[in-house]
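Here's the structure, in structure tokens; my notes come after.
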Amino acid sequence: DAKSSGNGTLTLFRPEMDELYVAEQSLMADLRLAIDNHDLMVVYQPMYRPDGSHMECCEALVRWAHPERGWIGPNIFIPMAEKMGLVSWITRFVLDRACRDCVAWSGLTAVSVNLSIADLRNDDLVAYVAEVLERHSLQPTRLHLEVTESCFMDEPVVISGVLNALRASGVTIAIDDFGTGFSSLSYLDSLPVDVLKIDRAFVTNITEDSRKLKLLNGIVQLSRGLGMKIVLEGVETREQLALINQHQFADLVQGYVFSRPIDTSEIARLSADQVSRKLSPSVRRRRKE
Ligand code: C2E
Ligand code: MG
Ligand code: MG
Ligand code: MG
Numbered sequence: 475d476a477k478s479s480g481n482g483t484l485t486l487f488r489p490e491m492d493e494l495y496v497a498e499q500s501l502m503a504d505l506r507l508a509i510d511n512h513d514l515m516v517v518y519q520p521m522y523r524p525d526g527s528h529m530e531c532c533e534a535l536v537r538w539a540h541p542e543r544g545w546i547g548p549n550i551f552i553p554m555a556e557k558m559g560l561v562s563w564i565t566r567f568v569l570d571r572a573c574r575d576c577v578a579w580s581g582l583t584a585v586s587v588n589l590s591i592a593d594l595r596n597d598d599l600v601a602y603v604a605e606v607l608e609r610h611s612l613q614p615t616r617l618h619l620e621v622t623e624s625c626f627m628d629e630p631v632v633i634s635g636v637l638n639a640l641r642a643s644g645v646t647i648a649i650d651d652f653g654t655g656f657s658s659l660s661y662l663d664s665l666p667v668d669v670l671k672i673d674r675a676f677v678t679n680i681t682e683d684s685r686k687l688k689l690l691n692g693i694v695q696l697s698r699g700l701g702m703k704i705v706l707e708g709v710e711t712r713e714q715l716a717l718i719n720q721h722q723f724a725d726l727v728q729g730y731v732f733s734r735p736i737d738t739s740e741i742a743r744l745s746a747d748q749v750s751r752k753l754s755p756s757v758r759r760r761r762k763e
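Converting from the sequence shown to full-length UniProt numbering requires adding 474 to each position, the first position being numbered 1.
Right, dumping it as structure tokens:
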């Protein structure tokens, strides 16, 4: 049988694969119902200044509360949604929530939303973004959109055109998971982006491995030279954070060291606290008069 070909060639069929296939099909069917049933929700992970003094913005991350299976993460269902042609539907949902919620966060600069390659190929994206900003009266400068570098590989001219149209409307574009794709650093300069989110893979081990630290330093210096704002993703420990501060590696830090993803009411509370802390007593007094 195909199972024991033994020389590393691909196994063609096994009963377990059939079960996996059936499970995926049934999950896909469930996904079609999930939005109508209000089973998708959005949580937000703060991005802080590296010294922790200020939460500047946060990233919208989608979650699926499956009625039988519990929480399912986006790494599972976004690829499924892409295969099913449902991803722009999810993007619209997340954009709507994120813009609505951000209006209530007085102390935050912006909310950041992830896009898929399918969104960038969709002719309606630019119009939809304008419409959702309008619907919630959110200033375009308060919306950031994240795209992975692999998005530029397919049709760089088309994709750059879409991103430039979004930027022209005032929206900020960030490259997500930077360093995990295949684009060379020299290519960076030609991309229409403002923010670079450096992947967790470049942060893990910087405290133990001096070569990792040098690698991160190189990426940071180069992208700074190109005028990019730098976000470090996946910062988990105090030790990592101390090094990042010492070397001034980041404009913003996103990771468990500051906060896990939380819901909009918690972001609103943190944001309001921040605003009231910033107003010194004398300013408050003047405001009252
Ligand atoms: P991402 O955009 O790179 O988002 C960051 C991911 O890293 C999130 O996982 C977040 O929970 C996780 N993370 C943050 N800080 C830490 C840390 O310190 N340590 C570790 N180990 N992980 C950390 P999440 O929410 O499971 O999302 C996974 C990916 O799914 C996202 O990666 C993004 O590519 C995609 N995704 C999430 N929401 C959406 C969405 O609304 N639309 C699209 N198209 N993709 C989405
Ligand atoms: Mg992201
Ligand atoms: Mg990321
Ligand atoms: Mg990531």
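C-beta: ideal position from N, C-alpha, C; glycine also.
Among 670, 713, 665 and 693, the one whose alpha carbon lies nearest that of residue 525: 713
Quick check on residue 688: buried or exposed, where buried means 16 or more other Cβ atoms within 10 Å of its Cβ? exposed
For residue 496 and residue 516, the rounded distance between their alpha carbons: 28 angstroms
How far does the alpha helix (DSSP H) with residue 563 in it extend, from its first residue to its last? 561–577
Looking at the unbroken alpha helix (DSSP H) that takes in residue 556, where does it start and where does it end? 548–558
Going by alpha carbons, who is nearest to residue 668 out of 561, 499 and 698? 698
Can you list, in chain order, the residues of its chain with a C-beta nearer than 6 angstroms to that of residue 649? Leave out the 5 residues immediately preceding and following it. 623, 667 and 670
Of the choices 608, 708 and 681, whose alpha-carbon is the least far from that of residue 730? 708
Helix, strand or coil at residue 512 [DSSP, three-state]: coil
So which residues touch the region around ligand 2, with touch meaning a C-beta under 6 angstroms from any heavy atom? 533, 588, 620 and 650
According to DSSP, is residue 477 part of a helix, a strand, or is it coil? Here residue 477 scores only 45 on pLDDT, less than 50, and its place in the model is too uncertain to base an answer on.
Could you tell me the alpha carbon to alpha carbon distance between residue 633 and residue 595, rounded to whole angstroms? 7 angstroms
DSSP beta-bridge partners for residue 627? The partner list for residue 627 (beta bridge, DSSP) is empty, contrary to what the question assumes.
Which runs of the alpha helix (DSSP H) fall wholly inside the region 521–545 and span at least 4 residues, in chain order? none
Hey, quick one: how far does the alpha helix (DSSP H) through residue 746 stretch, first residue to last? 738–752
For residue 763, which of helix, strand or coil comes out of DSSP? Any reading at residue 763 needs caution, since the residue's pLDDT is 48, under 50, leaving its predicted position unreliable; the model's value is listed next. DSSP places residue 763 in coil when its eight states are reduced to three.
Apply the 10 Å Cβ neighbour rule to residue 553 and answer buried if 16 or more other Cβ atoms are within range, or exposed otherwise. exposed
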